[in-house]
Amino acid sequence: SQQGEEDPQALSIQEGENATMNCSYKTSINNLQWYRQNSGRGLVHLILIRSNEREKHSGRLRVTLDTSKKSSSLLITASRAADTASYFCATDVVGYALNFGKGTSLLVTP
Amino acid sequence: DAMVIQNPRYQVTQFGKPVTLSCSQTLNHNVMYWYQQKSSQAPKLLFHYYDKDFNNEADTPDNFQSRRPNTSFCFLDIRSPGLGDAAMYLCATESSGTNNEQFFGPGTRLTVL
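Taken in sequence, the protein lines are chains A and B.
Reminder that position 49 of the first sequence reads as 49 in this note's numbering, one-by-one numbering, no gaps.
Reminder that position 9 of the second sequence reads as 119 in this note's numbering, one-by-one numbering, no gaps.
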């Protein structure tokens with residue numbers, strides 16, 4: 001069953017601006033992951049944040065996790081046209097199955 | 111490079127005609143997943159293998175079957191495709207004992223005529 005829900009559903013920004021996407025989930029998690037999907041392609045893992053972590057960085061990506069609010073955010077700084085894609089959060093609850101949200105569609109225009 | 115490969119990338123079949131999608135991996139991961147993803151929706155897990163153990167999701171239709179003859183290969187069989195089965199099918203792998211990071215193939219886009 002779907003656990004995560006991203007917000008906004010769609011986001012349009014210009015190159016150089018920052019993009020922020022949010023994810024909310026319903027139950028306790030072991031970790032939360034963010035994936036990117038280019039149109040018509042598979043998903044690519046971006047970053048994982050454990051339940052005992054509050055913030056994590058990877059290059060231009062910054063992820064925060066607030067377990068008390070059951071929410072996470074993904075910030076992409078200094079966005080580029082190549083960042084245009086759909087971004088999904090996925091929560092690891094029990095066992096091996098990840099629960100994916102519906103995703104945020106990001107459009108970065110030159 | 112180690113990777114997850116899906117063939118074909120695009121598959122067209124007729125209503126009711128069986129179709130098989132394939133996935134292979136060079137990562138030597140012991141867990142393999144099949145997801146169905148419809149337009150603008152989240153990937154939906156159909157089933158997964160943990161080594162040879164098959165795990166079917168409760169709401170996966172009986173029309174969908176899977177085979178894993180060895181570590182490297184996994185197949186998705188759709189016995190009688192309906193129009194509602196048109197979707198992107200994604201294969202993913204994972205090494206158990208890690209952080210559940212999954213490695214995805216490029217997907218197979220299935221069209222049902």
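Every residue gets a Cβ at the ideal spot worked out from N, C-alpha and C, and that includes glycine.
Note that the coordinates shown come from a computational prediction; the quantities given were computed from them, not determined experimentally.
Any beta carbon of chain B sitting closer than 7 Å to that of residue i?
i: Ala97 of chain A; result: yes
i: Gly59 of chain A; result: no
i: Asp92 of chain A; result: yes
i: Lys102 of chain A; result: yes
i: Leu107 of chain A; result: no
i: Leu46 of chain A; result: no
Any idea if residue i is buried or exposed, counting beta-carbon neighbours within 10 angstroms, 16 or more meaning buried?
i: Lys162 of chain B; result: exposed
i: Gln146 of chain B; result: buried
i: Val114 of chain B; result: buried
i: Val44 of chain A; result: exposed
i: Gly217 of chain B; result: buried
i: Phe164 of chain B; result: exposed
i: Gly192 of chain B; result: exposed
i: Thr109 of chain A; result: exposed
i: Pro153 of chain B; result: buried
i: His158 of chain B; result: buried
7 Å is my cut-off, CB to CB: does residue i come that close to chain A?
i: Leu131 of chain B; result: no
i: Pro128 of chain B; result: no
i: Leu81 of chain B; result: Since the first residue of chain B shown is 111 and the last is 223, residue 81 of chain B is not available in this structure.
i: Leu155 of chain B; result: yes
i: Asn166 of chain B; result: no
i: Leu200 of chain B; result: yes
i: Ala152 of chain B; result: yes
i: Asn210 of chain B; result: yes
In whole angstroms, give me the CA-to-CA distance for residue i and residue j.
i: Phe125 of chain B; j: Asp195 of chain B; result: 10 Å
i: Lys102 of chain A; j: Asn138 of chain B; result: 29 Å
i: Thr91 of chain A; j: Ser12 of chain A; result: 25 Å
i: Gln151 of chain B; j: Pro118 of chain B; result: 22 Å
i: Ala78 of chain A; j: Leu48 of chain A; result: 21 Å
i: Val63 of chain A; j: Leu46 of chain A; result: 10 Å
i: Ser1 of chain A; j: Thr170 of chain B; result: Reliability fails at Ser1 of chain A, whose pLDDT of 47 lies under 50, so the model's placement of it is uncertain and no value is given.
i: Ser71 of chain A; j: Glu5 of chain A; result: 9 Å
i: Ala10 of chain A; j: Leu98 of chain A; result: 22 Å
i: Leu106 of chain A; j: Thr84 of chain A; result: 5 Å
i: Thr221 of chain B; j: Asn140 of chain B; result: 30 Å
i: Asn209 of chain B; j: Gly40 of chain A; result: 26 Å
i: Ala82 of chain A; j: Asn173 of chain B; result: 38 Å
i: Thr104 of chain A; j: Phe185 of chain B; result: 30 Å
i: Gln37 of chain A; j: Met142 of chain B; result: 19 Å
i: Val129 of chain B; j: Thr123 of chain B; result: 7 Å
i: Phe183 of chain B; j: Gln135 of chain B; result: 7 Å
i: Ser132 of chain B; j: Asp7 of chain A; result: 34 Å
i: Ser51 of chain A; j: Gln116 of chain B; result: 33 Å
i: Gln14 of chain A; j: Gln175 of chain B; result: 44 Å
i: Glu167 of chain B; j: Ile76 of chain A; result: 34 Å
Listing by chain order, which chain E residues have their CB less than 8 Å from the CB of residue i?
i: Arg41 of chain A; result: Among the chains of the structure shown, chain E does not appear; the protein chains present are A and B.
Residue ranges of each beta strand (DSSP E) within the segment 44 to 106 of chain A, 3 or longer: 55 to 58, 61 to 66, 71 to 76, 85 to 92, 98 to 100
Whole beta strand (DSSP E) elements within the segment 132 to 173 of chain B, 3-residue minimum: Runs of the beta strand (DSSP E) inside the segment 132 to 173 of chain B: 141 to 147, 154 to 160, 163 to 166.
Segment contact, 8 Å Cβ cut-off, at least three pairs: the segment 20 to 31 of chain A with the segment 65 to 72 of chain A: The segment 20 to 31 of chain A makes contact with the segment 65 to 72 of chain A, as at least three CB pairs between them are under 8 Å.
Touch test, the segment 186 to 201 of chain B against the segment 17 to 27 of chain A, Cβ-Cβ under 8 Å, three pairs minimum: Touching, no.
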